[in-house]
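Asker:
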Amino acid sequence: MSGMQRQLTAIYYSVNRKERRLVFRYHAGRWNCLESFQPLDIRDALQTSLERIEEFKPGTLARAASLDDTEFQSNKLRTRRYITEDQDLLYIECPHLKEQSLFVAGYWIVTNISWGWVPNIIRLACQAAEVGAYPLSDLKL
Numbered sequence: 082m083s084g085m086q087r088q089l090t091a092i093y094y095s096v097n098r099k100e101r102r103l104v105f106r107y108h109a110g111r112w113n114c115l116e117s118f119q120p121l122d123i124r125d126a127l128q129t130s131l132e133r134i135e136e137f138k139p140g141t142l143a144r145a146a147s148l149d150d151t152e153f154q155s156n157k158l159r160t161r162r163y164i165t166e167d168q169d170l171l172y173i174e175c176p177h178l179k180e181q182s183l184f185v186a187g188y189w190i191v192t193n194i195s196w197g198w199v200p201n202i203i204r205l206a207c208q209a210a211e212v213g214a215y216p217l218s219d220l221k222l
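Offset between the sequence shown (1-based) and this note's numbering: plus 81.
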């Protein structure tokens, strides 16, 4: 499988904060490959998953930032953006929190969130990349 180009087809994520796990599903020729990853923390989970998505489909974070901005502006219950090109737009009313953001492939990602919000950001990026995003419980071998 070393000579084949593999494509990211899905990301599975755990919603249980005690069992933090991401599984990346790749397709190469006739092969499906699963890569399991246990992130150290929220920053590690977001950085790894977003870098993999961006590597698979360059420009994904730009599309995800646009989708996020549209959702933020149309939903009065949302208090902040998750992905943006301008770090000042992440924490509009709390600039002292800027240091907690993460820079990935030219975009700033919010990180002072609970594990329950991590799947939302992953799903947003997967939607932009046209890659499946599913709870870990949906993984079928």
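Even for Gly, the Cβ is constructed at its ideal location relative to N, Cα and C.
Just so you know, these numbers come straight off a predicted model, no measurement behind them.
1. Tell me which same chain residues have a C-beta within less than 7 Å of the C-beta of A209, skipping the five on either side of it?
2. By a C-beta neighbour count over all protein chains shown, 10 Å radius and 16 as the cutoff for buried, is T160 buried or exposed?
3. Can you tell which of R87, Q86, R101 and Q88 has the C-alpha that lies nearest to the C-alpha of V199?
4. Give the secondary structure of I173 by DSSP, where H, G and I count as helix, E and B as strand, and everything else as coil.
5. Just the Cα atoms here: how many angstroms apart are E166 and S182?
6. May I ask you to list the residues that DSSP assigns as paired with I164?
7. Suppose contacts are defined by Cβ-Cβ distances below 9 Å. Is L103 in contact with Q119 by that definition?
8. Am I right that I92 and S130 are in contact with their C-beta atoms under 8 Å? What's the rounded C-beta distance?
9. Leaving out the 5 sequence neighbours to the left and right, which residues in its chain are closer than 6 Å to I164 when beta-carbon positions are compared?
Answerer: On the basis of the supplied data:
1. The residue you call residue 209 lines up with position 128 of the sequence shown. Here the set comprises T141, R144, A145 and L148.
2. The residue labelled residue 160 in the question sits at position 79 within the sequence shown. So T160 counts as exposed.
3. By one-based count along the sequence shown, residue 199 stands at place 118. Checking every option, the nearest Cα to that of V199 belongs to R101.
4. Numbered from 1 along the sequence shown, position 92 holds the residue referred to as residue 173. Correct three-state label for I173: coil.
5. Reading the sequence shown from its first residue, position 85 is the one you call residue 166. Reading the sequence shown from its first residue, position 101 is the one you call residue 182. One C-alpha to the other measures close to 12 Å.
6. Residue mapping note: residue 164 aligns to position 83 of the sequence shown, counting from 1. DSSP lists I190 as partners of I164.
7. Taking the first residue of the sequence shown as 1, we reach residue 103 at position 22. Taking the first residue of the sequence shown as 1, we reach residue 119 at position 38. In this structure, Q119 lies closer than 9 Å to L103 by Cβ.
8. Residue 92 sits at position 11 when you count from the first residue of the sequence shown. Residue 130 sits at position 49 when you count from the first residue of the sequence shown. That pair is a contact at about 6 Å.
9. In the sequence shown, counting from the first residue as 1, residue 164 sits at position 83. Cβ within range, chain order: A145, A146, D149, Y188 and I190.
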